[in-house]
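Q: Handing you this structure, nothing more for now.
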Amino acid sequence: MKRPFLILVLLGLLSVSCTTLETKIYSLHIGDKPERLRTGEGQHIAFLSVKAPRHLEQPYIIFRSSPYELVPSQYAKWDASPAEMVQNMTSDFLIKSGIFKEVRSARHRKSDSGYIILINLKDFSRLDEPSASYGVVALDITTKDDSGRVLYSKEFVKKERLKDRTYTSLAMGLSVAVGSILRDMAAELDGVLRSLTR
Numbered sequence: 027m028k029r030p031f032l033i034l035v036l037l038g039l040l041s042v043s044c045t046t047l048e049t050k051i052y053s054l055h056i057g058d059k060p061e062r063l064r065t066g067e068g069q070h071i072a073f074l075s076v077k078a079p080r081h082l083e084q085p086y087i088i089f090r091s092s093p094y095e096l097v098p099s100q101y102a103k104w105d106a107s108p109a110e111m112v113q114n115m116t117s118d119f120l121i122k123s124g125i126f127k128e129v130r131s132a133r134h135r136k137s138d139s140g141y142i143i144l145i146n147l148k149d150f151s152r153l154d155e156p157s158a159s160y161g162v163v164a165l166d167i168t169t170k171d172d173s174g175r176v177l178y179s180k181e182f183v184k185k186e187r188l189k190d191r192t193y194t195s196l197a198m199g200l201s202v203a204v205g206s207i208l209r210d211m212a213a214e215l216d217g218v219l220r221s222l223t224r
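The numbering used here numbers the first residue of the sequence shown as 27 and each following residue consecutively.
Here's what the structure looks like:
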């Protein structure tokens, strides 16, 4: 009598374990090495800081169906928080493009010599509309000299249409959006810094 009961319990546990979804992890990739700007003249150090709301400081993949609701995914995550990914990609892009020789994430102190770059990350999500879905990145970027004078300030909003609603499509769309922002920002910042050295 006990054996059939035990078999039923084991079958129940097996069916539950088979239906449990595995958490998948996704990352961004912005493609080829950026265009070299300032012809390698960048000899300055920058101090980069990224500020974001709490939900963008965690590795959740976020969905929106309206401006009023944020829904985190249960079974998929980024390999780092959106704030950390934006910080790392921005730092890497600015160095490889030749604008700065070094980008530090440490807090800028009065005794430090270098530029200050502040990013306020506002959105990094999938927006679902009735006709299509979009990967959305919104951020403000401000660059100051070491005396605190604002040299460059701009808001960027990129909305990239997705092929479908899969996580891979979202990662690809957000990669395109972030890459586009970084290219535009680097070109404009390069022009500002060139004008200061003339």
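For every residue, glycine included, the Cβ atom is placed at its ideal position computed from N, Cα and C.
Only a predicted model underlies this, so the values are computations on that prediction, with no experimental measurement involved.
Just to confirm the assignment, what range does the beta strand (DSSP E) spanning Tyr52 have?
A: Working through the sequence shown from its first residue, we reach residue 52 at position 26. Run containing Tyr52: Lys50 to Tyr52, per the beta strand (DSSP E) assignment.
Q: Taking C-beta to C-beta, are Glu186 and Gly161 nearer than 8 Å?
A: On the sequence shown, position 160 is the one that residue 186 refers to. On the sequence shown, position 135 is the one that residue 161 refers to. Their beta carbons are under 8 Å apart, which means Glu186 touches Gly161 by this criterion.
Q: Put Arg191 into one of helix, strand or coil per three-state DSSP.
A: The residue labelled residue 191 in the question sits at position 165 within the sequence shown. Residue state, collapsed to three classes: coil.
Q: Assuming Tyr86 and Tyr193 form a contact by the criterion Cβ under 8 Å, report the distance between their Cβ atoms to the nearest whole angstrom.
A: Along the sequence shown, read from residue 1 onward, the residue named residue 86 stands at position 60. Along the sequence shown, read from residue 1 onward, the residue named residue 193 stands at position 167. Their Cβ separation, rounded to whole angstroms, is 12 Å, which puts Tyr86 and Tyr193 out of contact at 8 Å.
Q: Give the secondary structure of Phe126 by DSSP, where H, G and I count as helix, E and B as strand, and everything else as coil.
A: The residue given as residue 126 occupies position 100 in the sequence shown. Note: Phe126 maps to coil in three-state DSSP.
Q: Using the three-state DSSP reduction, which class does Gly57 fall into: helix, strand or coil?
A: On the sequence shown, position 31 is the one that residue 57 refers to. Residue state, collapsed to three classes: coil.
Q: Relative to the alpha-carbon of Asp118, which residue among Glu110, Val129 and Glu181 has its alpha-carbon at the smallest distance?
A: Within the sequence shown, numbered from 1, the residue matching residue 118 stands at position 92. Minimum Cα distance to Asp118 is reached at Val129.
Q: Sort Leu188, Tyr101, Tyr178 and Phe89 by Cα distance to Phe150 and report the nearest one.
A: By 1-based counting over the sequence shown, the position of residue 150 is 124. Here the closest residue by C-alpha is Phe89.
Q: Three-state secondary structure (DSSP) at Pro85?
A: Here residue 85 refers to the residue found at position 59 of the sequence shown. Reduced to three states, the DSSP call for Pro85 is coil.
Q: Just to confirm my understanding: we take Arg80, look at its own chain, exclude 5 residues before and 5 after, and list those with CB closer than 8 Å. What are they?
A: Walking along the sequence shown from the start, residue 80 turns up at place 54. Once the five neighbours on either side are set aside, Arg80 has no close Cβ partner at all.
Q: Tell whether a beta-carbon distance below 8 Å holds between Gly140 and Ile71.
A: Residue 140 sits at position 114 when you count from the first residue of the sequence shown. Residue 71 sits at position 45 when you count from the first residue of the sequence shown. In contact: Gly140 and Ile71 (Cβ atoms closer than 8 Å).
Q: Does DSSP put Pro98 in a helix, a strand or coil?
A: On the sequence shown, residue 98 is found 72 positions in, with the first residue counted as 1. In the structure shown, Pro98 sits in a strand (DSSP, three-state: E or B).
Q: So, Ala102 versus Ala78, is the Cβ gap smaller than 8 Å?
A: The residue you call residue 102 lines up with position 76 of the sequence shown. The residue you call residue 78 lines up with position 52 of the sequence shown. No, Cβ-Cβ distance for Ala102 and Ala78 is not below 8 Å.
Q: Does DSSP put Glu155 in a helix, in a strand, or in coil?
A: Here residue 155 corresponds to residue number 129 of the sequence shown, with the count starting at 1. Three-state DSSP puts Glu155 in coil, outside helix and strand.
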